[in-house]
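J.: Each residue of the sequence shown is one higher than the last, beginning at 14 in this note's numbering.
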Amino acid sequence: MSQAQVEDHGDHHVHFDTTTLKDDFESDSCVTYQRSGDTIVVNLGFLQINHRYMIDLKLPVTLFDTNSTTSGGQFMPAVTTVPNLNCRIAEFSSCKHDVSNFYEMKIEFFAYKEKLLREVLHIVNTKDSQEVLKLMITARVLGKGKGTPMLRTGIHCVGVENDDDESEASDFSGFGKDT
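Take a look at the structure:
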């Protein structure tokens, strides 16, 4: 646009088409999940490093649909010999409601490193132990001083771990006593 066209136009404000504006923050504030093959990916959004979280999930039974679940199979957390120290299923149950059926679970999650963090949990069919689904928990973890994320619905911070690098490595020698 030339200077003459700008002067002739007379309106120097930016206008946005209201149909393209997204004022529904619900989709950004909810934990998202998606099934791909034998993996269910749960995206937690942004979290903060060295923070412990309790995540309340309600995953629809339709995510778990396979041949055996339609024949009455149920799922439960798989017990492994080596536990995951950064991510574990604290509670797990299947619920039936008038509207829908879902698996309800509480997951303890520790954001121990920056950037993209992926932790895998396994869920096994009670009727067929060969049928194992991977529950991949993903999050973008912000480092120290990089901001405080807005937690999505169902995610609660339950604690902050001390950073070993920050312990007592201060240059401050303390206050001297007046004698």
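Built from N, CA and C at the ideal position, the CB exists for glycine as well.
1. Per DSSP, which residues does Thr151 bridge with? Please list them.
2. Can you tell me whether DSSP reads Val74 as helix, strand or coil?
3. Mind checking Leu145: buried by the 16 CB within 10 Å criterion, or exposed?
4. Just curious, the beta strand (DSSP E) that Val173 is in, first and last residue?
5. Restricting to Cα atoms, I'd like to know which of Met149, Thr166, Leu164 and Ser49 is closest to Asn97.
6. Take Asn114 as the anchor and find which of Thr52, Phe88, Tyr66 and Gly158 has the nearest alpha-carbon.
7. Determine, for Ile150, whether the minimum Cβ-Cβ distance to residues of chain B falls below 8 Å.
8. Taking 7 Å as the limit between beta carbons, can you name the residues of its chain near Asp165, skipping five residues before and five after?
9. Taking C-beta to C-beta, are Asn99 and Tyr125 nearer than 8 Å?
10. Determine the DSSP secondary structure at Ser84, reduced to helix, strand or coil.
11. For Pro200, does the three-state DSSP call read helix, strand or coil?
T.: According to the data block:
1. DSSP output for Thr151 lists Asn56 and Arg131 as bridge partner(s).
2. Under the three-state reduction of DSSP output, Val74 falls in the helix class.
3. A small correction: the amino acid at residue 145 is Val; Leu does not occupy that position in the sequence shown. Exposed, since its Cβ has fewer than 16 Cβ neighbours within 10 Å.
4. Ile168 to Val173
5. Taking only the C-alpha atoms, the option nearest Asn97 is Met149.
6. Closest in alpha carbon position to Asn114, among Thr52, Phe88, Tyr66 and Gly158, is Phe88.
7. Considering every chain present, this structure includes no chain B. It has just one protein chain.
8. The question names Asp, but residue 165 in the sequence shown is Arg. Cβ neighbours of Arg165 beyond the five flanking positions: Ser42, Cys43, Val44, Leu57 and Gly58.
9. yes
10. In this prediction, Ser84 scores a pLDDT of 44, lower than 50, which makes its location untrustworthy; no coordinate-derived value is stated.
11. Here the chain covers residues 14 to 192 and nothing more, so residue 200 does not appear.
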